[in-house]
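Participant: Respectively, the protein sequence lines represent chains H and D.
Residue numbers for the first sequence follow this note's numbering, so the first one is 53 and each next one is one higher.
Residue numbers for the second sequence follow this note's numbering, so the first one is 617 and each next one is one higher.
Virtual Cβ for every residue (Gly too), placed ideally from N, Cα, C.
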Amino acid sequence: HSIEQTEITDLPARDSLNPGSLQLVSKFKNPSSSCSVDVSAVWWERAAAKEPCIITACEDVVSLWKPLDTLQWEKVHTWHFTEVPVLQIVPVPDVYNLICVALGNLEIREIRALLCSSGDESEKQVLLKSGNIKAVLGLTKRRLVSSIGTFCNQQVQIMTFAEDGGSKDEQLLMPPDETILAFAEVQGMQDALLGTTTVNNIVIWNLKTGQLLKKVHIDDSYQASVCHRAYSEMGLLFVVLSHPCAKESQVFGSPVFQLLVINPKTAQSVGMLLCCLPPGQTGRFLEGDVKDHIAAAVLTSGTIAVWDLLLGHCTAVLPPASDQSWSLVKWSGTDSHLLAGQKDGNVFIYRY
Amino acid sequence: CRTADLGPISLNWFEELSSEAPP
């Protein structure tokens, strides 16, 4: 076990847009020989106490870090992967002492659960799914949704974990006969699930019955749009999409996120808000995360940008730190912190 | 955003679509 030196500062991040909106809380380095691929914050129970822990993933190792009193981080568990590299962490809300990871080369080939045995606290991994996995997402109420296969040979499945991560239940959702790109939860409606497909449709499921309720075709202006989150309000669905393939236009610059309003009854939709980069910033969406009404993205320029979807504008820009581009951005699942990562294993934790 | 473009809105859309969709 190693204790990594962390630094605490009361200086706000170098943010010319809104100084102070992102404040550096702590940082640490994951000393690994392979490329850092993901970071996440989860609750983990040790000695009958639940702690907010950080999970870091490199291509060949996933580590769990617990907080020490001095805002340092101690590595307490490590899972090794020698055959298939790690692609992403898949947090499952409401489950303690379990984290899922997606493994593969370019595409996901396996989903594994990482946990510790109750007796000697030794690390274990359990294969949950294997195949041509196109999308996976952890949902509230200890559920994990995944889609395996493409077009007509697609299986969409919900797996439900016990509270301790143990025994699980499985249920199928009706497949849409279109390859699913991503899933998104609907805030305010726990039994609804959205997915975006390769032909620019948004599909809506009833998670209780497995029914496919509606397909909504969205504007073809941006190909391969990816859904991140949705909100159900007053009979309408407000959907946050990202546009990784969007070309920059002279009018709007580069659209990174879009808030779309859908009437699920009529399958009509209207664009409500286009989140573009502020003047002076360039780049396209590389990866991002949305929590509540705040959206964060890493741009191809190596900068992180944050938008408040209620205010309707960019609230913070975080330039590369220590002359190194950002490659990861995640909202903490345990508090209002932003986790920003670099390829060499540096993780910076900001308070928003 | 022009909600008129979206057609008639139902607060119970989830239940209504669930009763109409194939099981």
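Can you give the Cα-Cα distance for residue 158 of chain H and residue 639 of chain D, rounded to whole angstroms?
Facilitator: Roughly 35 Å between the two C-alpha positions.
Participant: Please state whether DSSP places residue 225 of chain H in a helix, a strand or coil.
Facilitator: Strand at residue 225 of chain H.
Participant: With residue 369 of chain H and residue 330 of chain H assumed to form a contact (beta carbons below 8 Å), what rounded beta-carbon distance in angstroms separates them?
Facilitator: Between residue 330 of chain H and residue 369 of chain H the Cβ distance is about 7 Å, and since that is below 8 Å, they are a contact.
Participant: Is the CB of residue 418 of chain H under 8 Å away from at least one CB in chain D?
Facilitator: With chain H represented from 53 up to 404, any question about residue 418 of chain H goes unanswered, as that position is not in the structure.
Participant: Rounding to the nearest angstrom, what Cα-Cα distance links residue 196 of chain H and residue 259 of chain H in this structure?
Facilitator: C-alpha separation (whole angstroms): 11 Å.
Participant: Given residue 313 of chain H, which residues of its chain have a CB within under 7 Å of its CB, disregarding the five upstream and five downstream residues?
Facilitator: Around residue 313 of chain H: 288, 290, 321, 322, 324.
Participant: Nearest by alpha-carbon distance to residue 416 of chain H: which of H/234, H/398, H/284 is it?
Facilitator: A question about residue 416 of chain H goes unanswered here, because the residues of chain H that appear run from 53 up to 404.
Participant: In terms of residue numbering, what span does the alpha helix (DSSP H) encompassing residue 630 of chain D cover?
Facilitator: Run containing residue 630 of chain D: 629-636, per the alpha helix (DSSP H) assignment.
Participant: Please tell me whether residue 322 of chain H has its Cβ less than 8 Å away from any Cβ of chain D.
Facilitator: It does; some Cβ of chain D falls within 8 Å.
Participant: Note down the Cα distance separating residue 186 of chain H from residue 198 of chain H, rounded to an integer number of angstroms.
Facilitator: Rounded to whole angstroms, residue 186 of chain H to residue 198 of chain H spans 8 Å at the Cα level.
Participant: With 9 Å as the C-beta to C-beta threshold (strictly closer), list the residues of the stretch 242-273 of chain H near chain D in chain order.
Facilitator: Cβ contacts with chain D: 243, 244, 256, 258, 260, 261, 262, 263, 264, 265, 266.
Participant: In whole angstroms, what separates the C-alpha of residue 401 of chain H from that of residue 311 of chain H?
Facilitator: Those two C-alpha atoms are separated by around 27 Å.
Participant: Does chain D have any CB closer than 8 Å to the CB of residue 313 of chain H?
Facilitator: Closer than 8 Å to some Cβ of chain D, the Cβ of residue 313 of chain H qualifies, so yes.
Participant: For the structure I just gave you, are there three or more beta carbon pairs, one from the stretch 272-282 of chain H and one from the stretch 228-248 of chain H, closer than 8 Å?
Facilitator: The stretch 272-282 of chain H vs the stretch 228-248 of chain H: in contact.
Participant: Whole angstroms are fine: how far does the CA of residue 150 of chain H sit from the CA of residue 184 of chain H?
Facilitator: Roughly 23 Å between the two C-alpha positions.
Participant: According to the neighbour-count rule (16 or more other Cβ atoms, all chains shown, within 10 Å of its Cβ), is residue 317 of chain H buried or exposed?
Facilitator: It counts as buried.
Participant: Taking residue 212 of chain H as the reference, which of H/146, H/372, H/257 has the closest Cα?
Facilitator: The shortest Cα separation from residue 212 of chain H among H/146, H/372, H/257 belongs to H/146.
Participant: Would you say the stretch 366-384 of chain H touches the stretch 618-634 of chain D, given that touching needs at least three Cβ pairs under 8 Å?
Facilitator: No: the two stretches stay apart, fewer than three of their Cβ pairs being nearer than 8 Å.
Participant: On the DSSP bridge list, what partners appear for residue 283 of chain H?
Facilitator: BP columns for residue 283 of chain H point to H/239, H/290.
Participant: What does residue 287 of chain H touch in chain D if you count any residue whose Cβ is under 7 Å from its own?
Facilitator: Residues of chain D passing the Cβ test: 625, 626, 627, 629.
Participant: Looking only at C-alpha atoms, which of H/99, H/274, H/84, H/339 sits nearest to residue 111 of chain H?
Facilitator: Considering only alpha carbons, the answer is H/84.
Participant: Does the separation of the CB atoms of residue 347 of chain H and residue 361 of chain H fall below 8 Å?
Facilitator: Result yes, Cβ atoms of residue 347 of chain H and residue 361 of chain H sit closer than 8 Å.
Participant: Does DSSP classify residue 259 of chain H as helix, strand or coil?
Facilitator: In this structure, residue 259 of chain H counts as coil in the three-state DSSP scheme.
Participant: Exposed or buried, what is residue 203 of chain H when buried is set at 16 or more other beta-carbons lying within 10 Å of its beta-carbon?
Facilitator: Per the 10 Å Cβ criterion, exposed.
Participant: Which one of H/142, H/82, H/124, H/155 has the shortest CA to CA distance from residue 130 of chain H?
Facilitator: Answer by Cα proximity: H/82.
Participant: Of the residues H/294, H/246, H/273, H/252, which one's Cα is nearest the Cα of residue 284 of chain H?
Facilitator: Out of H/294, H/246, H/273, H/252, H/246 has the C-alpha closest to the C-alpha of residue 284 of chain H.
Participant: Measuring only the C-alpha atoms, how far is residue 627 of chain D from residue 240 of chain H?
Facilitator: Whole-angstrom Cα-Cα distance: 13 Å.
Participant: So, at 6 Å on beta carbons, what are the nonlocal neighbours of residue 63 of chain H in its own chain, with the 5 sequence-adjacent residues on each side left out?
Facilitator: The predicted position of residue 63 of chain H is uncertain, since its pLDDT is 33 and thus under 50; no value can be drawn from it.
Participant: If I follow the unbroken beta strand (DSSP E) through residue 351 of chain H, where does it start and stop?
Facilitator: 346-351 is the extent of the beta strand (DSSP E) around residue 351 of chain H.
Participant: Would you kindly report the start and end of the unbroken beta strand (DSSP E) that includes residue 394 of chain H?
Facilitator: Residue 394 of chain H -> no beta strand (DSSP E), and no H or E assigned at all.
Participant: When the Cα atoms are used, what is the spatial distance from residue 154 of chain H to residue 139 of chain H?
Facilitator: The straight-line gap from Cα to Cα measures roughly 6 Å.
Participant: As a quick exercise: from H/374, H/207, H/298, H/132, pick the residue whose alpha carbon is nearest that of residue 271 of chain H.
Facilitator: Looking at the Cα atoms, H/298 is the closest of the given residues.
Participant: Taking the alpha-carbon positions, what's the residue 636 of chain D to residue 248 of chain H distance?
Facilitator: Their backbone Cα atoms lie some 22 Å apart in a straight line.
Participant: Would you mind listing the alpha helix (DSSP H) stretches within the stretch 108-180 of chain H that are 4+ residues and don't spill past its ends, in chain order?
Facilitator: You should have found no qualifying run.
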